[in-house]
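Below is one structure, written out as structure tokens, with a few remarks after it.
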Amino acid sequence: MRAMLRPFRALLDVGLIRTTTGNRVFGALKGALDGGLDIPHSEKRFAGFKKDDKQLDADIHRKYIYGGHVADYMRNLAEEEPEKYQSHFSEYIKKGIEADDMEALYKKVHAAIRADPSVVKSTKQPPKEHKRYNPKKLTYEQRKASLIERLNQLNSSGGADDDDEDDE
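Each residue of the sequence shown is one higher than the one before, starting from 1 at the first, in full-length UniProt numbering.
Structural data, given as structure tokens:
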């Protein structure tokens, strides 16, 4: 019966990510579980799990799913350090998103994903050229030409220096 309910069984490979309670990888796990995948798991690592009660607090978990923790951080930062708030959430401010709008925003995003789950490729600017701190590798011909040039400079300047020393 269980195999009929969840046809796809998968194992979560977290790699080198630390599996601490509330880590983002468990948000991805929760999304995959909600999407219908059968992944062996324990709810101990979901945000909102309390060790004392050994139960998952659904309200706290829901708060994390809908960005409540981000909204709390936004409110706290706006009161405590307005300059830091302006820099951290500048894109949110440009788009008119406030802390109270977070849950509605996440619900809207979830609804849009359910309506059309296909991935839409966005056009991105190519990355800028990064400064190279190590010298660029030269070809054999370039190294050979450089060596000949240095030898010619040494030979031309070396003869003039020797004459000055001999006169003394």
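By construction, the Cβ of each residue, glycine as well, lies at the ideal position given by its N, Cα and C atoms.
The beta carbon of LEU77 sits closer than 7 Å to the beta carbons of LYS84, TYR85, HIS88 from its chain, once the five residues preceding and following it are set aside; these are given in chain order. Inter-residue distance for GLU91 and PHE8 is about 38 Å (C-alpha atoms, whole angstroms). The C-alpha of ALA58 lies about 21 Å from the C-alpha of ALA99.
When only Cα atoms are considered, LEU56 and ALA47 end up about 8 Å apart.
By the Cβ-count criterion, LEU138 is exposed, with fewer than 16 other Cβ atoms from all chains shown falling within 10 Å of its own Cβ. Using a 10 angstroms sphere on the CB of LYS95, the tally of other CB atoms stays under 16, which defines it as exposed. Considering only THR19, ALA104, GLU80, the residue with the shortest C-alpha distance to ILE65 is ALA104. Rounded to whole angstroms, ILE39 and LEU12 show a C-alpha spacing of 7 Å. Beta-bridge pairing by DSSP links ARG9 to ASP38.
Take the alpha-carbon of PRO135 and the one of LEU154: they are about 24 Å apart.
Within the region 64 to 104, the complete alpha helix (DSSP H) segments of 4 residues or longer fall at 68 to 80, 82 to 88, 90 to 94, listed in chain order. Around the beta-carbon of LEU151, fewer than 16 other beta-carbon atoms lie within 10 Å, marking it exposed. The bridge partners DSSP lists for LEU56 are PHE49.
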